[in-house]
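Quick note, the sequence shown lines up with residues 9 to 138 if you use my numbering.
We treat Cβ as the ideally placed atom computed from N, Cα and C, and that holds for glycine.
Source: prediction; values computed, not measured.
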Amino acid sequence: MYQGSTHTYFRSAVHVGIRRHLSRHGSFEFPGDLTLWKAVGKMLLVLLPVVFALHLLLSSFVEDLGKSLGAVDDSHYNLTITNSLLKAERSRLLTPDQVKGLAGDVLSLHVPEKGQVRVYNRTTGQFRYL
């Protein structure tokens with residue numbers, strides 16, 4: 009028996025790699041002929057500056073957008089603080105004691121005392137004081 013079940017079995021394989029190409033030709037050769045690589049070089053000379061210009065344009069656009077978002081965020085924060093201060097002022101002004109004081113001072117509206125309010129009773133046809 010040449011190969012037992014306990015031994016590993018290696019298949020013979022054809023090794024195709026970079027060493028084979030280098031040893032056969034002596035140096036590394038690019039696929040295709042010279043006219044193809046001249047066309048690729050010309051296209052890269054045209055395309056790379058365009059891509060670089062687009063990259064600069066988009067990066068400046070993103071930077072300006074980031075600055076404007078920062079400014080909007082700052083104004084939102086300032087407006088949130090102003091809103092909370094105004095809500096606190098409103099809740100202070102709408103307390104019952106503050107409303108009674110301002111109504112009495114500015115509009116001369118006071119809470120009626122006992123006996124000041126006169127109500128008409130329709131069934132008896134008389135006025136009654138509360």
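Can you find a CB in chain C that lies within less than 8 angstroms of the CB of residue i?
i     : result
ASN86 : No chain C is present in this structure, which holds just one protein chain.
Look up residue i in the DSSP assignment and give the residues it is bridged to.
i      : result
GLN134 : ASN129
Relative to the C-alpha of residue i, which residue among the options is closest?
i      : options                     : result
LEU138 : ALA111, LEU62, LYS122       : LYS122
ASP105 : SER92, LEU93, VAL119, ALA96 : VAL119
ARG126 : THR132, ARG136, LEU117      : ARG136
Task: Within the region 45-81, ranges of the beta strand (DSSP E) (whole runs, at least 3 residues) - done: List check, beta strand (DSSP E) in window: nothing returned.
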